[in-house]
Amino acid sequence: MPELPEVEIVARSLDKLTAKRKIVSAELLRARLAPDTDPPRFATDLETSIVNFVHRRGKHVLFDLSNGRTLITHLRMSGKFMLLDSSAENPKFTHAIMNFEDGERLVFQDQRHFGLMKIVDTSDLNEAKEIRKLGPEPLGDDFTFEYLRSALRTTKRSLKEFLLDQTKVCGLGNIYASEAMFLSGASPRIPAYKLSKPKSAALYENIRVVLSDAIGVGSTLPIVAHDIGGSIYGIGSDWKWRVYDREGDECANCDSPIKRIVQAGRSTYYCSKCQKR
Ligand SMILES: [Zn+2]
35 MPELPEVEIV
45 ARSLDKLTAK
55 RKIVSAELLR
65 ARLAPDTDPP
75 RFATDLETSI
85 VNFVHRRGKH
95 VLFDLSNGRT
105 LITHLRMSGK
115 FMLLDSSAEN
125 PKFTHAIMNF
135 EDGERLVFQD
145 QRHFGLMKIV
155 DTSDLNEAKE
165 IRKLGPEPLG
175 DDFTFEYLRS
185 ALRTTKRSLK
195 EFLLDQTKVC
205 GLGNIYASEA
215 MFLSGASPRI
225 PAYKLSKPKS
235 AALYENIRVV
245 LSDAIGVGST
255 LPIVAHDIGG
265 SIYGIGSDWK
275 WRVYDREGDE
285 CANCDSPIKR
295 IVQAGRSTYY
305 CSKCQKR
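If you want this note's numbering, it's the 1-based position in the sequence shown plus 34.
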């Protein structure tokens with residue numbers, strides 16, 4: 035699932051490709067993509083509006099529209115946007131389409147059907163249930179060391195589960211939580227309130243480092259208009275995770291094998307020697 039950096043790259047790419055363009059018509063082909071907005075409403079809410087800009091909050095992509103509305107999109111597991119010209123067919127699993135004035139169209143494709151869309155009044159955006167409960171943006175001014183320290187101290191859940199809780203810190207998932215804990219020498223299993231002050235300080239810095247490094251790499255990659263996935267690893271980048279998805283590989287610090295454990299149903303990768311507590 036894309037995390038903050040990937041969603042940020044998707045939002046920036048969409049902003050470059052669609053800002054200031056007029057939507058002449060729109061179709062919601064799979065009603066369950068937008069359970070709170072029925073297909074006729076989806077069409078009328080988007081048609082004839084201009085995309086002012088595209089931005090991000092947490093893992094949500096937000097299209098700010100000239101008619102005072104905002105289209106909220108969560109990509110979830112496999113959702114992606116594709117900007118296609120009039121000669122291209124709709125791909126399989128096309129769930130929504132926005133047609134632009136010049137004949138190009140933005141398609142939302144989602145093989146695994148977990149993506150979500152919703153249209154709200156922009157003035158009420160911060161009250162939408164998807165947005166309202168989100169914790170501070172880790173790269174924003176509200177995310178301070180004091181905030182993180184006091185949030186950590188209020189929960190007995192494991193550090194890993196704490197970091198995945200979008201109401202505490204938004205945008206982190208398995209990848210960047212694992213990477214930030216590794217860089218901080220912090221155990222994913224430690225109850226959050228027991229994390230020492232020095233390790234909390236390291237974690238605060240490293241959350242920001244892993245996210246901004248990934249955005250830095252992602253923003254140097256070319257935008258592929260017909261495949262706006264935001265992926266910063268694989269083709270086009272020699273990005274390598276430190277621990278994520280590297281079970282059995284040697285830890286870069288101590289040569290011990292990297293371990294994978296499952297916490298609350300999600301994989302965590304870590305070095306049991308370097309991340310004892
Ligand atoms: Zn190690």
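Quick reminder that beta carbons are idealized off the backbone N, C-alpha and C, glycines included.
Being a predicted model, the structure only gives us computed values, none of them experimental.
Could you tell me the alpha carbon to alpha carbon distance between residue i and residue j, rounded to whole angstroms?
{"i": "residue 188", "j": "residue 127", "result": "43 Å"}
{"i": "residue 63", "j": "residue 143", "result": "10 Å"}
{"i": "residue 212", "j": "residue 278", "result": "6 Å"}
{"i": "residue 131", "j": "residue 117", "result": "10 Å"}
{"i": "residue 249", "j": "residue 141", "result": "24 Å"}
{"i": "residue 52", "j": "residue 113", "result": "18 Å"}
{"i": "residue 259", "j": "residue 172", "result": "28 Å"}
{"i": "residue 145", "j": "residue 96", "result": "21 Å"}
{"i": "residue 169", "j": "residue 282", "result": "34 Å"}
{"i": "residue 241", "j": "residue 121", "result": "43 Å"}
Terminal residues of the continuous alpha helix (DSSP H) containing residue i?
{"i": "residue 61", "result": "Premise fails: residue 61 lies in the beta strand (DSSP E), 57-62, not in any alpha helix (DSSP H)."}
{"i": "residue 144", "result": "Careful: residue 144 lies outside any alpha helix (DSSP H), inside the beta strand (DSSP E) at 139-144."}
{"i": "residue 50", "result": "38-52"}
{"i": "residue 78", "result": "73-80"}
{"i": "residue 168", "result": "Note, residue 168: premise wrong, no alpha helix (DSSP H); not H, not E."}
By the three-class DSSP mapping on this structure, what secondary structure does residue i have?
{"i": "residue 220", "result": "coil"}
{"i": "residue 332", "result": "It is not possible to answer for residue 332, since the shown part of the chain is limited to 35 through 311."}
{"i": "residue 215", "result": "helix"}
{"i": "residue 160", "result": "helix"}
{"i": "residue 95", "result": "strand"}
{"i": "residue 87", "result": "strand"}
{"i": "residue 196", "result": "helix"}
{"i": "residue 309", "result": "coil"}
{"i": "residue 11", "result": "For residue 11 there is no data in the structure shown, the boundaries of the chain being 35 and 311."}
{"i": "residue 69", "result": "coil"}
{"i": "residue 269", "result": "In this prediction, residue 269 scores a pLDDT of 49, lower than 50, which makes its location untrustworthy; no coordinate-derived value is stated."}
Please return the same chain residues whose Cβ sits closer than 7 Å to the Cβ of residue i, not counting the five positions on each side in sequence.
{"i": "residue 234", "result": "182, 183 and 186"}
{"i": "residue 298", "result": "195"}
{"i": "residue 81", "result": "57, 58, 59 and 60"}
{"i": "residue 239", "result": "none"}
{"i": "residue 178", "result": "none"}
{"i": "residue 286", "result": "276"}
Can you name the start and end residues of the beta strand (DSSP E) that residue i belongs to?
{"i": "residue 124", "result": "Premise fails: residue 124 is in no beta strand (DSSP E) and is neither H nor E."}
{"i": "residue 304", "result": "300-304"}
{"i": "residue 154", "result": "150-155"}
{"i": "residue 103", "result": "103-108"}
For residue i, which residues of its own chain have a beta-carbon under 6 Å away from its beta-carbon, when the five flanking residues on both sides are left out?
{"i": "residue 55", "result": "85 and 134"}
{"i": "residue 119", "result": "138"}
{"i": "residue 307", "result": "288 and 290"}
{"i": "residue 311", "result": "221 and 224"}
What residues in its chain sit with their C-beta under 8 Å from that of residue i, if we drop five residues either side in the sequence?
{"i": "residue 42", "result": "90, 249, 252 and 264"}
Contact between the segment 156-164 and the segment 196-216 is defined here as three or more beta-carbon pairs at a separation below 8 Å; is this criterion met?
Touching, no, given that fewer than three Cβ pairs across the two stretches are closer than 8 Å.
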